[in-house]
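Scroll down for the structure; my scribbles are underneath it.
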Amino acid sequence: MNEVHQVDLQSPIGVVEITGTEEGILSIFFKERDEIVHHPQQDTPQVLKDCLQELAEYFRGERMEFTVPYISTGTEFQGKVWSALTTIGYAETASYRDIAVKVGSDKAVRAVGNANSKNKLSIIVPCHRIIGSTGKLTGYAGTLSRKEWLLKHEQKIKSESV
């Protein structure tokens, strides 16, 4: 595997740490720190710079889809769940049950929740768009307040673009 690099983005809801190689993005996580630690360097792969740019555009309300290549590693089931997450439209939500049905395992709601929690590609693979069947916000590794912010941000941008 190629050398792993990191860059940070200061977002309206905290520092986002992007990790990747020349081939693609490996992870995007919110960090519980106030300062940017990883600045783009001379040898930072273009894909990380592109991801930084696309995420900045997303937070400014200028981007609804991502084009950067990413590399996700997990089980076959996790891969199906993560792929299904990418079909949830911008500013839309789906329940764990919706995803379970989409991946052909309608009884696997908890397994979908578990796979969702293992998603390493926050925002780009939009696990924040998964809500409980009652419509309530449920677990999000980046904190529920960030999940709520992301959903409201997308709904605001979408309503302004209609």
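Remember, the numbering used here sits 4 above the position in the sequence shown when you count from 1. For every residue, glycine included, the Cβ atom is placed at its ideal position computed from N, Cα and C. Since the model is a prediction, treat every value here as computed from it, not as a measurement.
- Here the segment 84 to 103 makes no contact with the segment 46 to 60; the two share fewer than three CB pairs at distances below 8 Å.
- Per the coordinates, the alpha-carbon of Ile40 lies some 6 Å from the alpha-carbon of Asp12.
- Considering only Ser163, Leu125, Leu155, the residue with the shortest C-alpha distance to Trp86 is Leu125.
- Sequence-distant partners of Asp38 (beyond 5 residues in either direction) whose C-beta falls short of 6 Å from its own C-beta are missing from its chain.
- Looking at the DSSP output, His9 shares a beta bridge with Gly24.
- Of all alpha-carbon atoms in Thr25, Gln14, Glu7, Ile32, the one lying nearest the alpha-carbon of Ile128 is that of Ile32.
- Buried is the label assigned to Gly24, since at least 16 other Cβ atoms lie within 10 Å of its Cβ.
- Counted as a single uninterrupted DSSP element, the stretch harbouring Leu30 is not any alpha helix (DSSP H) but the beta strand (DSSP E) occupying residues 29 to 35.
- Exclusion of the five residues before and after Gly65 leaves His157, Lys160, Ile161, Glu164 as the residues of its chain whose Cβ lies within less than 8 Å of its Cβ.
- By a beta-carbon distance limit of 8 Å, Ile22 contacts Gln10. Their separation comes to about 7 Å.
- Note on geometry: alpha-carbon atoms of Lys84 and His42 lie some 32 Å from one another.
- In this structure, Arg101 is the residue among Pro44, Asp110, Val107, Arg101 with its C-alpha nearest to the C-alpha of Gly139.
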